[in-house]
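Take a look at the structure below.
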Amino acid sequence: MDAVRAAGGPASLDSDLVERWRALAELRENPFLTPEWYAAWLAAHPDEDPFVLLWQPGGELRGVLPLVATRERAVRVLRFAGARRADWLGPACRPEDEAAMAAACVEVLLQQRSAWHLFRLDRVDLAGAWPEALWSSEAPKGVAPGRSRRTDVLPFIRFGDGGYEAYLADRSRNFRSQLGRRRRKLEREHGLRFRLTAEPERLAADFEIFRALHEERWRDRGGSSSGDEDVMRFQRGFAAAALERGWLRLWIAEADGVPAAAWYGWRIGGRYCYALSGLSERFEPLALGTVLLAHTIEQAAVEGATVYDMMWGDEDYKRRFETGRREAATWVVGRRRHPVALAASARSAVEMKLRRAHDR
266 MDAVRAAGGP ASLDSDLVER WRALAELREN PFLTPEWYAA WLAAHPDEDP
316 FVLLWQPGGE LRGVLPLVAT RERAVRVLRF AGARRADWLG PACRPEDEAA
366 MAAACVEVLL QQRSAWHLFR LDRVDLAGAW PEALWSSEAP KGVAPGRSRR
416 TDVLPFIRFG DGGYEAYLAD RSRNFRSQLG RRRRKLEREH GLRFRLTAEP
466 ERLAADFEIF RALHEERWRD RGGSSSGDED VMRFQRGFAA AALERGWLRL
516 WIAEADGVPA AAWYGWRIGG RYCYALSGLS ERFEPLALGT VLLAHTIEQA
566 AVEGATVYDM MWGDEDYKRR FETGRREAAT WVVGRRRHPV ALAASARSAV
616 EMKLRRAHDR
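Using this note's numbering, you'd call the opening residue of the sequence shown number 266 and step up by one each time.
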């Protein structure tokens, strides 16, 4: 049997294992699978316990499943660390290893069945082999078939050989004209300029600027859960680690000499990831948010990124920019015949019927 073991967080692992874990996450171009994301989440959520599965066939670390054990009322749940703030998740391993790693992880999950009632796989890319192996007919007895609870879309922009110019050329003439006209107006009348946070000593102040602009953007829209203090405390921790690793992309747009918009995300591998943004109410009518978004897309292409990931969400403004989209599903896997699993399965079946009726 392939060697899989449950371990604690990055602080409990040898540095060589952490470096290999990081390399696998970078291979998947996924910031949400990195040991830095995991450590920042645990630091901000001490009530959750580390439950990292390490897949080491032949003694070589070839896969990491960065889980945490938490409670939802009386139910013990295993889920990805920071799942509520991540956009797509899965195993940190080579794509061709997903099925083999999943089968190996099932064995450990069964051995550790006292630690969990439900195993939630949030926003797993449907293009991958994971987590089908967890609920296939060949899965070991003791694991109930998984059911999809929700499907999310993840729009993206894929750059070709021509970079940003080729991307713009494929947009409509009206789209290109609007972007250029709005940016020139902001530059001419308000001295628009962009700056990227690159120095550790500026991070705290710039992150506070971003937080304030994010709150301002959502103030009249009922607020944003991403602006909650516990979320921002976690994001501050991850931003500091991401800056150290060269992943952080925190853009500030200044107009009339003051911060007017902010964009927070990361560059990991060939992927530029858009996480959160903020905007001054004063500059919303001038479409500064759109202009800043276009600027980050251009910079992603300049840096040599192949994909600009707009993250989950089907908003209208994303449709104007995207060149494609993928889907991620949230699944729940339970212990076979356990009351909690049966209840979750029944709830999922009802939700699926409602979705089908709505789609007719």
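The beta carbon of each residue, even a glycine, is placed where N, CA and C say it ideally should be.
Return the first residue and the last residue of the alpha helix (DSSP H) that residue i is part of.
i	result
residue 392	Residue 392 -> no alpha helix (DSSP H), and no H or E assigned at all.
residue 347	Premise fails: residue 347 is in no alpha helix (DSSP H) and is neither H nor E.
For residue i, collect the residues of the same chain with a Cβ closer than 7 Å to its Cβ; drop the 5 residues on either side in sequence, then sort them by chain order.
i	result
residue 532	512, 514, 568, 570
residue 579	418
residue 554	526, 542, 544
residue 272	278, 317, 319
residue 274	303, 304, 307, 315, 317
residue 299	287, 290
residue 240	There is no way to answer for residue 240, as the model of the chain reaches only from 266 to 625.
residue 501	472
residue 536	294, 570, 572, 574
Output the boundary residues of the beta strand (DSSP E) element that contains residue i.
i	result
residue 570	That residue, residue 570, is in no beta strand (DSSP E); it is neither H nor E in DSSP.
residue 442	No beta strand (DSSP E) holds residue 442; the alpha helix (DSSP H) holding it covers 438–455.
residue 372	That residue, residue 372, is in no beta strand (DSSP E); its alpha helix (DSSP H) goes 363–376.
residue 525	523–533
residue 594	589–599
residue 314	314–320
residue 337	328–337
residue 297	Here residue 297 belongs to no beta strand (DSSP E), and DSSP marks it neither H nor E.
For residue i, which three-state DSSP category applies?
i	result
residue 302	helix
residue 475	helix
residue 427	coil
residue 273	coil
residue 555	helix
residue 464	coil
residue 356	coil
residue 603	Any reading at residue 603 must be qualified, since the residue scores a pLDDT of 47, below 50, and its modelled position is unreliable; the value itself is stated next. In the structure shown, residue 603 sits in coil (DSSP, three-state: anything other than H, G, I, E or B).
residue 540	strand
Can you list, in chain order, the residues of its chain whose CB lies under 6 Å from that of residue i, leaving out five sequence neighbours each side?
i	result
residue 398	364, 367, 368
residue 534	291, 294
residue 552	447
residue 529	475, 515, 540, 541
residue 461	516
Mark residue i as exposed unless 16 or more other C-beta atoms lie within 10 angstroms of its C-beta, in which case mark it buried.
i	result
residue 484	exposed
residue 416	exposed
residue 404	Summary for residue 404: the model assigns pLDDT 48, below 50, so the residue's position carries little reliability; its value from the coordinates is reported in the next sentence. Per the 10 Å Cβ criterion, buried.
residue 425	exposed
residue 430	exposed
residue 402	The predicted position of residue 402 is uncertain, since its pLDDT is 41 and thus under 50; no value can be drawn from it.
residue 352	buried
Leaving out five residues on either side along the sequence, give the residues of the same chain with a beta carbon under 8 Å from the beta carbon of residue i.
i	result
residue 394	360, 363, 364, 367
residue 373	269, 270, 271, 318
residue 504	468, 472, 513, 515, 529
Between residue i and chain B, is there a C-beta pair that is closer than 8 Å?
i	result
residue 354	Of the protein chains in this structure there is only one, and it is not chain B.
* Mind the definition here: the stretch 535–550 touches the stretch 469–479 only if three or more C-beta pairs lie below 8 Å; say whether that holds. => yes
* the stretch 514–528 contacting the stretch 279–294, beta-carbon criterion three pairs below 8 Å -> no
* Are three or more beta carbon pairs between the stretch 544–555 and the stretch 371–389 nearer than 8 Å? -> No, they do not touch.
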